[in-house]
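Q:
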Amino acid sequence: MNDSIFTGCIPALMTPCTTERTPDYDALVAKGRELVDLGMRAVVYCGSMGDWPLLSEAERQEGVARLVAAGVPVIVGTGAVNSKEAVSHAAHAARVGAQGLMVIPRVLSRGTAPAAQKAHFSAILAAAPELPAVIYNSPYYGFATRAELFFALRREHPNLIGFKEFGGADDLRYAAEHITSQDDDVSLMVGVDTQVFHGFVNCHATGAITGVGNALPKEVLQLVALCKKAATGDLEARRQAQELESALAVLSSFDEGVDLVLYYKHLMVLNGDSEYRLHFNESDALSEAQRRYVETQYALFREWYAQWSAQLGKAR
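Quick note on the UniProt record's numbering: the sequence shown kicks off at 1 and runs consecutively.
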């Protein structure tokens, strides 16, 4: 099983929205292609960032198919209320030529039952046995996959080759200590933007799935590169990575909140990507205070980054 897709930096694409509140597939593909051309290893679609609960099964699968057809390496999110639909997404991903799966726990119905989750995960993995897959662990889905369940699944499904951890610093450490350190062939993906340094340096992550990297791709790619270098013991890279992560801290922290898509779409608009102005629910919008706050923090980061980059350039 080739797990190289789960390395480096991978943005979780958001779904741009037309004035009819339907997916703008042309804009989706253009952004996916742009991000990969900038150096992203692949894209994730549809995870939480892609608004999977707000899209139909057909809409999600059309987005996947269009990205694949455009030559964008795609990891497909399998989030669904029922296992039947999750299996449909996995089978479709394999059929159209996606390169990986992000396996999301069963939600709402029996979501806290380990036996139900094992059956759910098994059905998804069995539907696309040739696609490398990671389990997406997040407190927002109400279920924590622990080592015993992970390795029971891996014994039955060798395409399960990794773990995406969204739970924060302690959960990343648990994954490193009890899961990925058991088996060198298992990859750990940092799943929350505030923990990139900790994930790579302290937990031996192989990659990061990012939200803020949609809006700040060059800066997040630089952060990941510095963290990978710092993980080898490089003193200067460690200092620079911590400085950059600290400067990004507020913008990255939106990844931890319920309004993450609203914030990151607004950052895209500030970049000039007007196709991210709308949301699928018309009532979904940042408050005026939230907009002012994120705009102030964005401007502050831009000014800091310009001076910091110039200083690094002089030091070389």
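For each residue, glycine too, the CB sits at the ideal point set by N, CA and C.
Just so you know, these numbers come straight off a predicted model, no measurement behind them.
Measure the CB-CB distance between A215 and L267 and report whether it falls below 9 Å.
A: Here residue 215 refers to the residue found at position 215 of the sequence shown. Here residue 267 refers to the residue found at position 267 of the sequence shown. Going by C-beta atoms, A215 is nearer than 9 Å to L267.
Q: For T19, is the classification buried or exposed, using 16 other Cβ atoms within 10 angstroms of its Cβ as the cut-off for buried?
A: Your numbering for residue 19 matches position 19 in the sequence shown. Flag for T19 reads exposed.
Q: Between the C-alpha atoms of A144 and I5, what's the straight-line distance to the nearest angstrom?
A: Numbered from its first residue, the sequence shown carries residue 144 at position 144. Numbered from its first residue, the sequence shown carries residue 5 at position 5. Rounded to whole angstroms, A144 to I5 spans 24 Å at the Cα level.
Q: Determine the closest residue to A69 out of V96, I75, G77 and G47, with distance taken between C-alpha atoms.
A: Stepping through the sequence shown from its first residue, residue 69 is reached at position 69. That would be V96, whose Cα lies nearest to the Cα of A69.
Q: At what residues does the beta strand (DSSP E) containing M268 begin and finish?
A: The residue given as residue 268 occupies position 268 in the sequence shown. That residue, M268, is in no beta strand (DSSP E); its alpha helix (DSSP H) goes L260 to L270.
Q: Check each candidate in G162, L251, Q242 and D234 and name the one with the smallest Cα separation from G211.
A: Working through the sequence shown from its first residue, we reach residue 211 at position 211. When each option's Cα is compared against that of G211, the closest is L251.
Q: Roughly how many angstroms lie between the CA atoms of G111 and K265, to the nearest whole one?
A: Residue numbering aside, residue 111 sits at position 111 when the sequence shown is read from its first letter. Residue numbering aside, residue 265 sits at position 265 when the sequence shown is read from its first letter. Distance between the alpha carbons of G111 and K265: 29 Å.
Q: Considering only the beta carbon of each residue, do R106 and A127 sit closer than 9 Å?
A: As a working mapping, residue 106 is identified with position 106 in the sequence shown. As a working mapping, residue 127 is identified with position 127 in the sequence shown. It is not a contact, given that the beta carbons lie outside the stated cut-off.
Q: I'd like to know if the region 291–298 and the region 45–55 are in contact, where contact means that at least 3 CB-CB pairs between them fall below 8 Å.
A: With the cut-off at 8 Å, the region 291–298 and the region 45–55 do not touch.
Q: Which ranges would you report for the beta strand (DSSP E) in the region 48–82 if only whole runs of at least 3 residues count?
A: Complete beta strand (DSSP E) runs here, min 3: 74–77.
Q: From the DSSP secondary-structure annotation, give me the bridge partner or partners of E165.
A: Within the sequence shown, numbered from 1, the residue matching residue 165 stands at position 165. Bridge partners of E165: N137 and V190.
Q: Considering only the alpha carbon of each residue, which of Q182, A175 and L101 lies closest to L160?
A: Counting from one through the sequence shown, the residue named residue 160 turns up at place 160. Considering only alpha carbons, the answer is L101.
Q: Secondary structure at V224, three-state DSSP: helix, strand or coil?
A: Indexing the sequence shown from 1 puts residue 224 at position 224. It is helical.
Q: What does the Cβ neighbour count give for S283, buried or exposed, with the cut at 16 atoms within 10 Å?
A: To locate residue 283, count along the sequence shown from 1; it is residue 283. Label assigned to S283: exposed.
Q: Just the Cα atoms here: how many angstroms apart are F197 and V74?
A: The residue labelled residue 197 in the question sits at position 197 within the sequence shown. The residue labelled residue 74 in the question sits at position 74 within the sequence shown. Using only the alpha carbons, I get a separation of about 25 Å.
Q: Taking 9 Å as the cut-off, decide whether the C-beta atoms of L223 and A241 are in contact.
A: Within the sequence shown, numbered from 1, the residue matching residue 223 stands at position 223. Within the sequence shown, numbered from 1, the residue matching residue 241 stands at position 241. In contact: L223 and A241 (Cβ atoms closer than 9 Å).
Q: Sorted by chain position, which residues of the same chain lie with C-beta nearer than 7 Å to V64's C-beta, five sequence neighbours on each side aside?
A: Along the sequence shown, read from residue 1 onward, the residue named residue 64 stands at position 64. If we look at V64 and ignore the five residues flanking it on each side, its Cβ neighbours are Y45, V74, V76, H92, A93, V96 and A98.
Q: Apart from the five residues on each side of it in sequence, which residues of its chain come closer than 7 Å, Cβ to Cβ, to R277?
A: For the purposes of this step, residue 277 is taken as the residue at position 277 of the sequence shown. Cβ neighbours of R277 beyond the five flanking positions: V269.
Q: With contact counted as at least three CB pairs below 8 Å, one residue from each stretch, are the region 157–175 and the region 113–130 in contact?
A: Segments in contact, yes.
Q: Roughly how many angstroms lie between the CA atoms of M1 and D183, to the nearest whole one?
A: Numbered from its first residue, the sequence shown carries residue 1 at position 1. Numbered from its first residue, the sequence shown carries residue 183 at position 183. Residue placement at M1 cannot be trusted, given a pLDDT of 47 that sits under 50; the coordinates are not used to answer.
Q: Leaving out five residues before and five after V43 in sequence, what residues of the same chain have Cβ atoms less than 8 Å from its Cβ?
A: Here residue 43 refers to the residue found at position 43 of the sequence shown. I10, P11, A12, L13, G32, L35, V36, L67, V72, P73, V74 and I75.
Q: Whose C-beta lies closer than 6 Å to the C-beta of G199 among residues of the same chain, with five residues either side of it excluded?
A: Here the question's residue 199 lines up with position 199 in the sequence shown. Here the set comprises L172, V190 and A205.
Q: Return yes when the C-beta of G111 is under 8 Å from any heavy atom of the ligand GTP, and no when it is not.
A: The ligand GTP is not part of this structure, which contains no ligands at all.
Q: Taking the continuous beta strand (DSSP E) assigned at I209, which residues delimit it?
A: By 1-based counting over the sequence shown, the position of residue 209 is 209. Start and end: G207 to T210.
Q: Would you report the Cα separation of Q307 and H279, rounded to the nearest angstrom?
A: As a working mapping, residue 307 is identified with position 307 in the sequence shown. As a working mapping, residue 279 is identified with position 279 in the sequence shown. Roughly 34 Å separates the two Cα atoms.
Q: Do L108 and I135 have their C-beta atoms closer together than 9 Å?
A: Against the sequence shown, residue 108 aligns to sequence position 108. Against the sequence shown, residue 135 aligns to sequence position 135. No, these two residues do not count as a Cβ contact at 9 Å.
Q: Would you mind listing the beta strand (DSSP E) stretches within the region 90–131 that are 3+ residues and don't spill past its ends, in chain order?
A: Runs found: 100–103.
Q: Evaluate S83 with the Cβ neighbour count: other Cβ atoms within 10 Å of its Cβ, from every protein chain shown; 16 or more gives buried, anything less gives exposed.
A: Walking along the sequence shown from the start, residue 83 turns up at place 83. With 16 or more other Cβ atoms within 10 Å, it is buried.
Q: Give the range of the beta strand (DSSP E) segment to which G8 is assigned.
A: As a first step, residue 8 is located in the sequence shown; it is residue number 8 there, counting from the start. Element bounds for G8: G8 to P11.
Q: With a CB to CB cut of under 7 Å and the five nearest residues on each side skipped, what residues in its chain are close to K218?
A: Along the sequence shown, read from residue 1 onward, the residue named residue 218 stands at position 218. If we look at K218 and ignore the five residues flanking it on each side, its Cβ neighbours are L38.
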